[in-house]
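Residues in the sequence shown are numbered consecutively from 14, following UniProt numbering. The C-beta atom is built at its ideal place from N, Cα and C for all residues, glycine as well. All of these numbers come straight from a predicted model, not from anything done at the bench. Since the structure comes first, as structure tokens, the remarks are kept for the end.
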Amino acid sequence: TLVLGIETSCDETAAAVVENGQRLLSNVISSQVDVHRKFGGVVPEVASRRHVERITQIIQEALDRAGVTLDDLSAVAVTQGPGLVGALLIGVSAAKALSFARGIPLVPVHHIAGHIYASHLVEPLSFPLVALVVSGGHTELILMREHNRFERLGRTRDDAAGEAYDKVARLLHLPYPGGPEIDRLAKEGRDVLDFPRAWLEPDSFDFSFSGLKSAVINYLHNARQRGETINPADVAASFQESVIEVLVEKAMRAVAHTGVKQLVLAGGVSANSRLREVLDARCRETGITLRVPPLSLCTDNAAMIAAAGTYRFFDGQLGDLSLNAEPNLPLV
Ligand code: ATP
Ligand code: MG
Ligand code: FE
């Protein structure tokens with residue numbers, strides 16, 4: 014089974030070819046980060062335009078590097094949502110065009126399902142598992158008992174973890190995207206500022222990061238008013254510890270609550286070095302197998318979409334030419 018994956022939900026134009034849902038034959042990513050950095054964030058219109066300019070060439074490159082042609086493909090999998098509607102539309106249109114022109118089955122994929130399957134490209138996922146999804150737009154705990162079936166245990170009630178990283182980075186005048194910048198800066202600081210941890214109700218697997226963001230804003234404002242020197246590294250470290258303590262604690266509780274033995278970290282924030290370190294330590298202590306995607310597959314890519322799409326293809330969950338981009342597509 015050879016599946017071409019296409020991903021254009023945000024600011025990466027990506028295409029990849031995956032064999033049997035698992036073996037990466039090619040993985041081409043064209044990032045627009047340099048374009049959007051000037052604006053301090055992704056500008057949707059600019060992203061769409063870039064996708065249009067690049068998509069055909071990126072798909073061809075993915076096929077070439079894999080050494081396959083369109084005739085070899087079993088299916089074309091594409092991110093249907095969630096994401097920026099204009100950006101998603103480019104990938105969906107390209108996939109529909111290929112499907113129509115060559116009679117290749119079309120498979121719509123949820124972007125977050127893709128993030129979870131990134132680890133599957135390294136070693137097969139085994140079920141049941143709990144996935145901690147931490148990305149620019151999502152913070153969720155997902156239970157999977159088998160391929161292609163998702164149950165939500167909890168989600169953020171306001172900001173996503175990655176969004177909080179990016180916003181706090183902006184407050185510290187760090188370049189976009191802020192997550193990797195905070196990761197780096199935090200290594201030079203200490204958790205001395207005592208920012209809040211949002212535990213919510215004792216049995217809740219939900220998250221909340223907007224209070225933490227406000228606490229950072231208030232701290233910076235008050236310190237500036239009082240003329241105190243601000244140590245950005247301490248702000249970064251204190252913010253990061255607050256985020257990670259809650260993420261890790263809730264993930265471990267979800268694992269204990271469901272009795273699963275495997276925890277899968279997924280989404281762009283899974284690139285965070287401190288999160289990986291703390292989760293690794295906790296999972297070792299408790300005998301849980303931790304699955305962390307390689308850095309190259311943490312942020313948006315099409316290989317993960319092809320992998321997740323392969324199992325939807327096996328389940329016969331196909332799309333047709335009426336397929337539309339869904340900016341708010343639900344996972345469950
Ligand atoms: P979603 O997947 O929810 O639709 P997205 O696709 O925009 O959102 P991803 O590409 O999965 O998000 O991840 C990007 C996010 O990951 C950004 O918020 C970025 O700051 C964050 N991120 C990337 N690397 C790190 C890091 N080392 N530490 C913390 N955050 C990071
Ligand atoms: Mg991105
Ligand atoms: Fe993503």
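Burial state of residue i (16 or more Cβ within 10 Å)
i, result
"T312", "buried"
"H64", "buried"
"V345", "exposed"
"L308", "exposed"
"K200", "exposed"
"T82", "exposed"
"Y231", "For the sequence presented, residue 231 should be read as Asn rather than Tyr. Classification of N231: exposed, given that the 10 Å Cβ count is below 16."
"K263", "buried"
"S39", "buried"
"P215", "exposed"
"E194", "buried"
"G240", "exposed"
"G34", "buried"
"R67", "buried"
Short Cβ contact (8 angstroms threshold) for residue i with residue j
i, j, result
"S44", "I71", "no"
"A88", "P118", "yes"
"G175", "S148", "yes"
"L102", "A338", "yes"
"V146", "H124", "no"
"residue 352", "Q93", "Any question about residue 352 goes unanswered here, given that the chain covers just 14 to 345."
"T179", "G191", "Rather than Thr, the amino acid found at residue 179 in this sequence is Asp. Yes."
"L334", "F113", "yes"
"residue 351", "G332", "This structure leaves residue 351 out entirely; the chain is present only between 14 and 345."
"G202", "N244", "yes"
"L292", "V261", "yes"
"A110", "I19", "no"
"V143", "V55", "no"
"F252", "V229", "yes"
"V135", "A319", "no"
"P141", "T323", "no"
"A90", "A28", "no"
"R295", "M317", "no"
"A321", "A126", "yes"
"V305", "R289", "yes"
Spatial neighbours of residue i in its chain, beta-carbon cut-off 8 angstroms, leaving aside the 5 residues before and after
i, result
"D84", "R115"
"S22", "T92, G94, P95, G96, L97, A100, L101, G104, H124, D313"
"V46", "D24, Y189, P190"
"T169", "H151, T152, E153, D219, F220, S221, F222"
Cutoff 7 angstroms; reference residue i; Cβ partners in own chain excluding five residues on either side
i, result
"A173", "S148, G149, G150, H151, T152"
"R183", "G53, G191"
"E258", "R210"
"V48", "V59, R63"
Residues near residue i by beta carbon distance below 6 angstroms, same chain, minus five either side
i, result
"S255", "F208, R210, L225"
"E25", "I42, S44, D313"
"A177", "F222, K226"
"L166", "L154, L156, F218, A267"
"N285", "D196"
(request) Could you name each continuous alpha helix (DSSP H) segment of 4 residues or more that falls completely within the segment 239-281, going from the start of the chain to the end? (result) 245-271
(message) Pairs of beta-carbons, one from the segment 276-289 and one from the segment 130-139, closer than 8 angstroms: are there three or more?
(response) With the cut-off at 8 angstroms, the segment 276-289 and the segment 130-139 touch.
(message) So within the segment 130-198, which uninterrupted beta strand (DSSP E) runs reach at least 3 residues, ignoring any that extend past its ends?
(response) 142-147, 152-157, 164-168
(request) At 4 residues or longer, and completely inside the segment 20-95: list those alpha helix (DSSP H) runs for me, N to C. (result) 46-50, 57-79
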